[in-house]
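Per UniProt numbering, the sequence shown starts with residue 1, numbered consecutively.
Written out below as structure tokens is the structure these notes cover.
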Amino acid sequence: MPSEEPTSSITDELSHVLGLPADEIIHIGLISFIEKEIRLAETDIADIRDRYNVASKEELYEAIKSKKIPGHPAWEDYIVWKNKEKYIAYLKVRLGRV
1 MPSEEPTSSI TDELSHVLGL PADEIIHIGL ISFIEKEIRL AETDIADIRD RYNVASKEEL
61 YEAIKSKKIP GHPAWEDYIV WKNKEKYIAY LKVRLGRV
């Protein structure tokens with residue numbers, strides 16, 4: 001559960017202890033958050049790859065279409081994979097702007 005202490009107070013305290021400007025601490029935190037989100041999304045994709053023993057979402061799609069893999073829950077996983085790739089691309093653009 002989030003603390004009741006204002007974020008600015010925590011940031012100011014960390015700034016003093018670490019000897020870094022508050023905006024730099026926020027900047028570093030934002031970069032870390034985005035990088036973590038990318039890693040988590042990539043892990044989700046890797047799990048789907050392993051689950052179906054495929055190298056790409058296109059290969060998964062073809063395996064579903066040709067009925068080599070049952071459609072359920074593979075279709076849902078295919079959609080998740082596509083969405084995770086879009087999310088990763090979105091985050092990478094934002095990371096480049098930070």
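Glycine included, every Cβ here is placed at the ideal spot set by N, Cα and C.
Bear in mind that the values here come from a model prediction, so they are computed numbers and not experimental data.
Query	Result
Assigned exposure category for residue 74 - 16 Cβ within 10 Å defines buried	buried
Exposed unless 16 or more other CB atoms sit within 10 angstroms - verdict on residue 54	buried
Local Cβ density within 10 Å of residue 31, reported as buried at 16 or more and exposed below that	exposed
Inter-stretch contact at 8 Å, needing at least 3 Cβ pairs: the region 77 to 95 / the region 31 to 46	yes
C-beta neighbour in chain B for residue 30, strict 7 Å	Here there is only one protein chain, and chain B is not present.
Nearest-angstrom Cα separation, counted from residue 81 out to residue 25	33 Å
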